[in-house]
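Numbering (the working numbering), first residue to last: 175 to 284. Even glycine gets a Cβ: it sits at the ideal position worked out from N, Cα and C. None of the values given here were measured: they were computed from a predicted structure.
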Amino acid sequence: MAEKTVSAESGSTVKTLRNLWPYMWPADRADLRARVVWATDALAGDARSVPPLPAFLLAPVMLVIAYNVVRLVQLGFNQLRDALFARVGQYAVRQLAFRTFIHMHQLSLR
């Protein structure tokens with residue numbers, strides 16, 4: 175039997191597969207043919223398993239995004255509260271310091 179050769183320049187994928195087919199699907203080896211079938215099924219199963227993956231990861235990703243949005247809103251409200259209450263706190267401290275100063279000056283020196 176003469177060796178069949180296909181060069182890279184003159185060959186095509188179909189010619190290459192045609193030359194390799196007797197080795198991939200030998201007539202006298204049912205176990206190897208079964209392995210080819212199982213490998214093809216595994217390849218098809220892998221291709222079918224890819225689309226559900228983003229949907230599977232959608233819920234955890236959305237939970238992380240929702241958590242971060244809620245956290246940012248919480249931080250925003252904390253900053254707003256501090257900005258609004260800062261003037262009240264400063265007024266209270268200033269009034270208490272003034273009353274303490276007045277009280278200290280009203281005390282007797284004896």
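Check                                                        : Outcome
Straight-line Cα distance separating F230 from L206          : 35 Å
Proximity below 8 Å, CB of V210 to CB of W199                : yes
Backbone CA spacing between F275 and F259 [nearest angstrom] : 24 Å
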